[in-house]
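Numbering (the UniProt record's numbering), first residue to last: 1 to 436.
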């Protein structure tokens, strides 16, 4: 009998030890609270800012989230979220508009609890605090230059001052943004385009300045728009052209298709992709002007095509496509040396779709010159060049039917007429003279 009692007692003791051990394990196995990150994590915000909170707890999963605002001596809850499915990761967005904060300093307190048995089933809690400043006042912007005369397809410039540091500033034309660049004197300069496809009535540039809190100045920029007419042209395509050029694009447009089908894909889709690439390259620019006087033209060259010509492509007496030609085609002798139009730095020197072998030279403030269809390239990205330095030789690479130079001028990657930049009087009246 006593042996039975002793056995039962021993078994109960063992069970108790196991229970205690298991309980201790459950309590101690996860002693770490959720990880918390916040974007933005500090700085200036405005009443419409949204905080993005990223939470993670891989061991026990998430239980709840509380977000509090502390300003002066007052603390209030602005967001609460509970989870029953214990997710291991969550991203929550918290709109500060609900807090109705006045301007000035405040703190955001983020508390996240996991679903562990720590703290006797309450879970581990992580708390992080972040310091911010509420700023609801847009920057003040003053234009310095008089309203410019800008011709369709051409370039304008504006100098202006901004009352505070910005996250973005420049001129918006439709859905195209032309960045402005802060100068040594504290003012900003911005080159912008009058797009070739807009009429003077449709051209309505806006001056933009967004401060570090996200407050935005957005007002019409006063300009005098002038119209300009562009030529049209007919390009007659032949089988011999297709046979000589389309194999060059088999890598860009793979697949089993006719030369005509490949041509249409190149002329439409690759053309658009190339323009997007040039817009990206256009942001690789110096924040100041590095060019001087008028731009140099390819010597002893005949003009074969002009800027913004609307081209109709004919094959077997049928219209198959329409595109705009966005540069000047200049023809000299075969494999003629190609000089840099002005001082600058090479930011691209490689093959690019319809442009073939292409060199892009940056002249600062988003102004760049393009030299394409080259037979060879003599420079490298990052190389400084002076006006007249040889960049390469003319050729027939890309979508070129004969040996020539396709020359473009772009502002932040957007094409503008080169004629203005060849003209010393236009540069003096519309650029340098206005900035003196």
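Note that beta-carbon positions come from the ideal geometry of N, C-alpha and C, so glycine has one too.
One Cα belongs to residue 124, the other to residue 83, and the distance between them is close to 15 Å. A distance of 7 Å or more separates the beta carbons of residue 174 and residue 228. Within 10 angstroms of the beta-carbon of residue 222 lie fewer than 16 other beta-carbons, which makes it exposed. Here the C-alpha atom of residue 57 lies approximately 19 Å from the C-alpha atom of residue 109. Residue 389 sits in coil when the DSSP states are folded into three classes, being neither helix nor strand. Beta-bridge partners assigned by DSSP to residue 206: 172 and 220.
Per the DSSP secondary-structure output, residue 407 pairs in a beta bridge with 328 and 371. The DSSP assignment places complete beta strand (DSSP E) segments of no fewer than 3 residues inside the segment 56-136 at 62-71, 74-82, 89-95, 104-114 and 125-134, in order along the chain. Comparing C-alpha distances from residue 292 to each of 340, 34, 55 and 328 shows the shortest one belongs to 340.
DSSP places residue 249 in no beta strand (DSSP E); its state is neither H nor E. By DSSP's assignment, residue 359 forms a beta bridge with 349 and 371. In its chain, beyond the 5 residues on either side, 281, 347, 348, 368 and 370 have a beta carbon closer than 6 Å to the beta carbon of residue 360. Note that the C-beta distance between residue 133 and residue 105 is below 7 Å.
Taking 7 Å as the cut-off, the Cβ atoms of residue 285 and residue 366 count as close. In the three-state reduction of the DSSP assignment, residue 148 falls in the coil class, being assigned neither a helical nor a strand state. By the neighbour-count criterion, in which a residue is buried when 16 or more other Cβ atoms sit within 10 angstroms of its Cβ, residue 299 is exposed. DSSP places residue 191 inside the beta strand (DSSP E), whose first and last residues are 188-193. Per the C-alpha coordinates, the member of 156, 53, 100 and 157 positioned closest to residue 71 is 100. Taking a contact as a CB-CB distance under 8 Å, the pair residue 90 and residue 55 counts as one, their CB atoms being some 5 Å apart. C-alpha of residue 283 to C-alpha of residue 81: approximately 42 Å in a straight line.
For residue 276, the enclosing alpha helix (DSSP H) starts and ends at 271-281.
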